[in-house]
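Residue numbers (my numbering): 379 to 455.
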């Protein structure tokens, strides 16, 4: 989450490394955004089952096979 916060703060600030004069403000913003992100993710609720790598790979393989065979998905008619 800290990496995502760093990317966001860099984007908003317009630079990847702050000057010494701006380092304190940059670091403070980074920590605030990271903490807000942790709180958000911790409070999110979903009824969907967790995804697994194997299931996602199987779905991707199925989509590829449908495209390769020229078949259309059942719900897109």
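Just so it is clear, CB atoms sit at the ideal spot from N, CA and C, and this is done for glycine as well.
Among the residues of its own chain, which have a CB less than 8 Å from the CB of residue i, if the five just before and after it don't count?
i, result
"residue 380", "408, 412"
"residue 416", "379"
For residue i, I'd like the list of residues in its chain whose CB is within less than 7 Å of its CB, leaving aside the five on either flank, ordered along the chain.
i, result
"residue 384", "408"
Nearest to residue i by CA position, among the options, is which residue?
i, options, result
"residue 410", "446, 447, 382, 439", "382"
"residue 389", "404, 398, 440", "404"
Kindly list the residues whose CB is nearer than 6 Å to the CB of residue i, restricted to its own chain and excluding five residues on each side of it in sequence; keep chain order.
i, result
"residue 438", "none"
Provide the residue span of the alpha helix (DSSP H) that contains residue i, from first to last.
i, result
"residue 381", "380 to 391"
Is the closest heavy atom of the ligand COA to the C-beta of residue i under 7 Å?
i, result
"residue 401", "The ligand COA is absent from the structure shown, which contains no ligands of any kind."
Kindly provide the ranges of any beta strand (DSSP E) runs that are 3 or more residues long and lie completely inside the stretch 402 to 443, ordered along the chain. none
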